[in-house]
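Whatever position you read off the sequence shown (first residue = 1), add 415 for the working numbering.
Every residue gets a Cβ at the ideal spot worked out from N, C-alpha and C, and that includes glycine.
This report refers to the structure that appears directly beneath it.
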Amino acid sequence: MRNVDIDVMREILEEHGILVNEDIAKSITEDFVCHLEVCREINVSQFRGCNTESDTEKIMRLEAELKKVKRELSKASTENEVYRDNVMKRHNASSVWIEDGVVKYSYGV
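Written out as structure tokens, the structure is:
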């Protein structure tokens with residue numbers, strides 16, 4: 416805090432008929448500066464909120480992400496079926512599965 420701020424605070428108080436010594440003026444100025452900093456933080460945080468997406472935008476973004484994941488899952492599922500069918504044909508198996516990282520198949524009836 417600057418001495419100028421303290422002097423200005425003393426002058427403001429004197430204009431309103433309140434006479435204070437330098438220590439009290441310094442204390443009041445410190446409190447007031449602290450108050451202004453808190454107000455600035457509140458205002459800045461409000462502006463930060465303006466940059467966040469709205470509920471509608473969030474829903475649209477999440478729906479797009481969900482569609483992408485569903486497409487990827489569908490592709491992986493299709494590939495899995497192709498691999499499983501290929502193994503079943505090559506081994507003339509009735510079922511195929513993976514157990515402990517090993518492809519297993521059976522020749523059941």
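- With DSSP collapsed to three states, give me the class of V497. On the sequence shown, position 82 is the one that residue 497 refers to. Three-state result, V497: helix.
- Message: Quick check on S492: does DSSP put it in helix, strand or coil?
- Response: Translated into positions along the sequence shown, residue 492 becomes position 77. Of the three classes helix, strand and coil, the one that applies to S492 here is helix, per DSSP.
- Measure the alpha-carbon distance for G523 versus T493 and round it to whole angstroms. In the sequence shown, residue 523 corresponds to position 108, counting from 1. In the sequence shown, residue 493 corresponds to position 78, counting from 1. Answer to the nearest angstrom: the Cα atoms are 24 angstroms apart.
- Locate the beta strand (DSSP E) running through I421, then write down its first and last residues. Looking up residue 421 in the sequence shown gives position 6. Unbroken run through I421 is the alpha helix (DSSP H), 418-430; no beta strand (DSSP E).
- Message: Pull the bridge partners of S521 from the DSSP assignment, please.
- Response: Position 106 of the sequence shown, counted from the start, is the residue given in the question as residue 521. DSSP, once it has assigned bridges, lists S510 as partnering S521.
- Query: What number of angstroms, rounded off, separates the C-alpha of R425 from the C-alpha of E445?
  - Reply: Residue numbering aside, residue 425 sits at position 10 when the sequence shown is read from its first letter. Residue numbering aside, residue 445 sits at position 30 when the sequence shown is read from its first letter. So the two alpha carbons sit approximately 12 angstroms from each other.
- Using the beta-carbon count (16 or more within 10 Å), is I457 buried or exposed? In the sequence shown, residue 457 corresponds to position 42, counting from 1. Exposed.
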